[in-house]
Every structure is written in structure tokens, then in C-alpha cells.
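Residue numbers (my numbering): 314 to 660.
Worksheet for the structure shown next.
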Amino acid sequence: MVTTIHPASQDLTPAVQLLAAGELVAFPTETVYGLGADARSDDAVQKIYAAKGRPSGNPIIVHVADTAAARDAVAAGEWSAAAESLAATFWPGPLTLILPRGPGISTVVSAGRDSLALRCPAHPVAQKLLKAFGGPIAAPSANRSGFTSPTTARHVLAELDGRIPLILDGGPSQVGLESTVLDLTSAPPKILRPGAITAEMLMPVIGPVETLHTVVDQSDSAISPGQHSRHYAPRTPAYRVTREDWARCAPNPQGFAAMLAAAGKNIVLITDDPALTFPPPHETMLLPRDPAAYAQKLYASLRAADELNMVAILILVPEHIDGLWSAIHDRIRRATRPYGELQGIAP
Ligand code: TXA
Ligand code: MG
Numbered sequence: 314m315v316t317t318i319h320p321a322s323q324d325l326t327p328a329v330q331l332l333a334a335g336e337l338v339a340f341p342t343e344t345v346y347g348l349g350a351d352a353r354s355d356d357a358v359q360k361i362y363a364a365k366g367r368p369s370g371n372p373i374i375v376h377v378a379d380t381a382a383a384r385d386a387v388a389a390g391e392w393s394a395a396a397e398s399l400a401a402t403f404w405p406g407p408l409t410l411i412l413p414r415g416p417g418i419s420t421v422v423s424a425g426r427d428s429l430a431l432r433c434p435a436h437p438v439a440q441k442l443l444k445a446f447g448g449p450i451a452a453p454s455a456n457r458s459g460f461t462s463p464t465t466a467r468h469v470l471a472e473l474d475g476r477i478p479l480i481l482d483g484g485p486s487q488v489g490l491e492s493t494v495l496d497l498t499s500a501p502p503k504i505l506r507p508g509a510i511t512a513e514m515l516m517p518v519i520g521p522v523e524t525l526h527t528v529v530d531q532s533d534s535a536i537s538p539g540q541h542s543r544h545y546a547p548r549t550p551a552y553r554v555t556r557e558d559w560a561r562c563a564p565n566p567q568g569f570a571a572m573l574a575a576a577g578k579n580i581v582l583i584t585d586d587p588a589l590t591f592p593p594p595h596e597t598m599l600l601p602r603d604p605a606a607y608a609q610k611l612y613a614s615l616r617a618a619d620e621l622n623m624v625a626i627l628i629l630v631p632e633h634i635d636g637l638w639s640a641i642h643d644r645i646r647r648a649t650r651p652y653g654e655l656q657g658i659a660p
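The structure is reproduced here in C-alpha cells:
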């Protein structure tokens, strides 16, 4: 199959026709790029699992144009007051709500569960596509299962070239991290995946929310597979290093860098601290210290670091943990191994 990239500023008719024919279309959202299929068709949704190599037990988020379409997708009478308030406050936007699934949505979407994940995306191209298609679109992130989510059309091509017919190019995703997933079927509601809509933002609207912190082993079947310990990972072995790690294991980071270089082991350091960098032949990628700007660039940096084909990627864990930083820490943790395991590659 030949994969075409189509500027999203052009006519969306080919994309709509493909979706209507039960084919896949990758499209931009404000969080990350999604891999879309008609959420009402078992066969179409099945193609998502095949193209991504996604485990069949991992359910998919359904995207809707507005709150009315969300109400139609859930089971009769199950669109709750909390859902209504959250939708009114945060939609369109990076918040996914889990509610009991209605009969119109393919059961393949929910991977055997009675629940359904719903999101109304804010990206103008996603909105335009949903309106032109006129139905719900199932769309996980448009990457091969287990790897880093794409934030540009080029990233999608790198992941899915030859596996899907069309990618709509709407420029880089602005948020850069996947949506917050909030389970409204539990009491109190539970954040299954942190994102740009934080617990601090949700609580004034619906009261107490819990945050799920368990990180389960990759082999276990999780409530929300975003909880798998290894997820969002680049292909190059990646490690996270805290300032405490530096102090404990490598009191002299420059000496450590020189030792690695002498052994011909060049690594990429992703850091938000201009004072903590590595000299050549290593590479240093400096990220912004503002959390929104950091989040927007994180996945693109991981990909760029991956493309350098060095022996390892090292990420300096940001100091702050509040608000959006908590989602950033979550993704760094899932994309990397602890610093201690890097010792294996040291000379
Ligand atoms: O920002 C996003 O959410 C992006 C864009 C494309 O919208 N989509 C995305 O989809 O990240 P995906 O499939 O990569 O992640 C969906 C997450 C997974 O952790 C999945 O397990 C969880 O949502 N999920 C989906 N349906 C669920 C359900 N019924 N119950 C519990 N978790 C669910
Ligand atoms: Mg994903």
C-alpha cells in the first residue's frame, strides 16, 4: 500500500471517502496524531489493531465532533451530570471520558469492555474531519504499538508508511502529550492517564478525583494499557537520570561523558538545564523550562534523538512535579529505564 501525505488545508473529501469505505486515515489532533477509522464498523476498527500491531485487549478512544455526538455514543441514560459539566468546561480539548458504551459503537473499540472512551478534539482539522464524516471516529495515537506517539505527519509516516493509505498533515500538535483519560464509571472518578487537563483543573468542576499510580508489567492486562511500564518508548535504549542520580552515581557528569566517549560510546542527552549538558562527540538536546513548551517538544526530541542512532538516550528528569509536569514525568518514566541500568553500557 502506498501512503500519501495530504495537506489538511486542502479538500478533505478523499479522507472522508476512505473512512466511509472502512479504511484508515491518520489525522492531526492538538495532543498527538490519531489513526482514525469508522467507530461503528468492526472491520474498520480491526484494521487499526492490525496497522499498529496493537494488542487486541487494548481499547481505543472514540472521537466525536461535539457533546451531542458523545451523548449518542454512550448507553441510554448514562451521560452523567459530571460528563456534562466536564464536556462544557474542557471540550473541545485534551480530556477523554470513560462511560458505559452505547449500542451504536463497535464492540471492537472497547476490546470486550462495557465502557467507552470518548474525546472531542480541539484541532480544527480533527473538527472539520469529524463534521464532514458525520460519525464517530475511533483513533489511537498513530504509532506502532509501544512506541512514541507522533506529533507531526512525518512522524506518522515513519511509523506507518505502507500500512495506511492517507495521512492528513495539519502541522505539529500543540499539546504534544496524549489526552488525560478520566474514568467516570468509578467513584470517585479516576485519572487513568495524566495529561494537560490536570487533577487540579478537574476538581473544581466535579469534586474529588483519584489518580491511578500503579505501573503494571507489560505482560499483564491492565485497566488502561497506558499503565504498562514500557510504553511511548524510542527504539534506542533510553534512561532517565535525576539530579540525585548524578550526585550519587556520577558526581562528575563531565568525567562520565569523557569516559563514555573514550570507549566510543556516544549518547544523546535530553535536558532542560543548560548547566547540565554533554560535550561532543555526545549530543545534547536542550528543552524549554516552561512545562507546556517542554511537553510540546518531548516526543519530537525523543524521535530526533532516536534517529541519531547512538548507543543510548539519557533524559534529565525535570525538577518540578506539579500540574502538567506530572504528565511529563509519567511519559518520561514509561519511555525510559532507571539510570541505574545505564551502568551496563558504561565502559
Ligand atoms: O490524545 C489522545 O488521547 C490521542 C489522540 C489521537 O486523541 N489518542 C490516544 O489513544 O492516545 P491511545 O489509544 O494511544 O490511548 C488510549 C488510552 C489507552 O491507554 C487505553 O487503554 C485507554 O485510553 N482506554 C481507551 N478506552 C478505554 C476504556 N474503555 N477503559 C479504560 N481505558 C481505556
Ligand atoms: Mg498510544
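The C-beta atom is built at its ideal place from N, Cα and C for all residues, glycine as well.
Burial state of residue 609 is buried, judged by a 10 Å Cβ sphere holding 16 or more other Cβ atoms. The three-state secondary structure of residue 580, taken from DSSP, is strand. Beta-bridge annotation (DSSP): residue 557 is not paired with any residue.
Relative to the non-hydrogen atoms of the ligand MG, the Cβ of residue 369 never comes closer than 6 Å to any of them. The closest CA to that of residue 488, considering only 450, 499, 510, is found on 510. Taking C-beta separations shorter than 8 Å and ignoring five residues to either side along the sequence, the partners of residue 642 in its chain run 630, 631, 634, following chain order. For residue 598, the enclosing beta strand (DSSP E) begins and ends at 596–599.
Taking C-beta atoms as the reference points, residue 493 and residue 411 fail to come closer than 7 Å. In this structure, the CA atom of residue 461 is about 28 Å from the CA atom of residue 414. In the three-state DSSP reduction, residue 438 falls in the helix class (H, G or I).
A distance criterion of 6 Å places the beta-carbon of residue 453 in contact range of the ligand TXA, judged by its closest non-hydrogen atom. If you ignore the 5 residues before and after residue 367, its C-beta comes within less than 6 Å of the C-beta of 458, all in its own chain and listed in chain order.
In the three-state scheme derived from DSSP, where H, G and I count as helix and E and B as strand, residue 499 is classed as coil.
Exclusion of the five residues before and after residue 579 leaves 594, 595, 623 as the residues of its chain whose Cβ lies within less than 6 Å of its Cβ. Considering only 476, 500, 395, 420, the residue with the shortest C-alpha distance to residue 336 is 476.
With at least 16 other beta carbons inside 10 angstroms of its own, residue 451 counts as buried. With a cut-off of 6 Å, the C-beta of residue 472 is classified as distant from the ligand TXA, since no heavy atom of the ligand falls inside that distance. Contact annotation, residue 600 with residue 619: C-beta distance approximately 15 Å; criterion of less than 8 Å not satisfied. Listed in chain order, the non-local C-beta contacts of residue 464 below 8 Å within the same chain comprise 345, 346, 485, 486, 489, 609, 612, 613, local neighbours out to five positions each way being set aside. Within the segment 464–496, complete beta strand (DSSP E) segments of at least 3 residues are found at 479–482, 493–496, given in chain order. In the DSSP assignment, residue 431 falls within the unbroken beta strand (DSSP E) covering 428–432. Contact between residue 504 and residue 522 holds, since their C-beta atoms are separated by about 6 Å, short of 8 Å. For residue 398, the number of other beta carbons within 10 angstroms of its own is below 16, and it is reported as exposed. Counting along the chain, no beta strand (DSSP E) covers residue 547, and no H or E run does either. At a cut-off of 6 Å, the beta-carbon of residue 345 counts as near the ligand TXA: some heavy atom of the ligand is closer than that.
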